[in-house]
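Here the structure comes first, spelled out in structure tokens, and everything after it is commentary.
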Amino acid sequence: DAKTTQPPSMDCAEGRAANLPCNHSTISGNEYVYWYRQIHSQGPQYIIHGLKNNETNEMASLIITEDRKSSTLILPHATLRDTAVYYCIVRVYGGSQGNLIFGKGTKLSVKP
Amino acid sequence: GAGVSQTPSNKVTEKGKYVELRCDPISGHTALYWYRQSLGQGPEFLIYFQGTGAADDSGLPNDRFFAVRPEGSVSTLKIQRTERGDSAVYLCASSLRKTSFDEQFFGPGTRLTVL
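Structure, rendered in structure tokens:
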């Protein structure tokens, strides 16, 4: 079973920030938080990952709480092309286990 | 550059038939993964190759499913005696796996329909 809990769906207005929450209360000290997204009829795409510090890249920002039990993915200026299912995954960094364990994710709908 | 490609994009077969699904990973990627995605669900892990060998096949649902990667690049997922419950999108991903962080790059998937 996935180790994360996400809301099944969210709406966001185009141009506004999209804030996608994720709960991972059982996260271990050596597990990172990863975010992938899946646009309709495509394979999942990596977005960002982090351990305990906030992270930012060209796609998004990741805010992880101090106790690491939850995190938020932020798309600063959502566009219609950001409509997708967003998956939050916890995983050991560099572990021998190769696979990603996906839950059902959050379906984000960006509306004009 | 070229991403992960999968063929065919769609496959319709009849119950009981044998199917092969092909995955061409990104050149130079040593790790290759197969996942299966049913409607409304997240992808579910099937098998992971490191080079030519299966490093983890714990996700294969039963012995009707088998995968190979004989030369450490292209992989084929084989399903014998297909059942209607095998209908799903089969996703392939590859990664460098040379550093601790191995971003997985996914292909577009093969949609398998078993009638």
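Chains as they are written, first to last, in our numbering: chain X, 3 to 114; chain F, 221 to 335. Using N, Cα and C, we set each Cβ at its ideal position, and we do this for glycine too.
Review point. For methionine 61 (chain X), which residues does DSSP report across the bridge?
Key: DSSP output for methionine 61 (chain X) lists no bridge partner at all.
Review point. Using the beta-carbon count (16 or more within 10 Å), is threonine 272 (chain F) buried or exposed?
Key: exposed
Practice item. Mind checking the region 46-75 of chain X against chain F and listing, in chain order, the residues whose C-beta falls within less than 9 Å of any C-beta there? Key: Pro46, Gln47, Tyr48, His51
**Study point:** Stretch-stretch touch, CB-based, cutoff 8 Å, three pairs: the region 235-253 of chain F with the region 299-317 of chain F
**Key:** yes
Point to revise | Among F:Leu241, F:Asn282, F:Gln270, F:Thr333, nearest to glutamate 291 (chain F) - alpha-carbon criterion | key: F:Gln270
Exercise for review: Could you name the residues of the same chain whose beta carbon sits closer than 8 Å to that of arginine 93 (chain X), not counting the 5 residues immediately before and after it, in chain order?
Suggested key: Glu33, Tyr34, Tyr36, Gln99, Leu102, Ile103
Check your understanding: Which residues, in order along the region 272-283 of chain F, keep a beta-carbon less than 9 Å from a beta-carbon of chain X?
Key -> Ala275, Asp276, Ser278, Gly279
Check your understanding: Once you ignore the five residues that flank threonine 81 (chain X) on each side, which residues in its own chain have a CB closer than 7 Å to its CB?
Key -> Glu16, Val112
Check your understanding: Would you call the CB atoms of serine 73 (chain X) and cysteine 24 (chain X) closer than 8 Å?
Key -> yes
Check your understanding: Any beta-carbon of chain F closer than 8 Å to the one on tyrosine 190 (chain X)?
Key -> This structure cannot speak to residue 190 (chain X), because chain X is shown only from 3 to 114.
Practice item. State the beta-bridge partners of serine 314 (chain F) as determined by DSSP. Key: F:Leu252, F:Phe325
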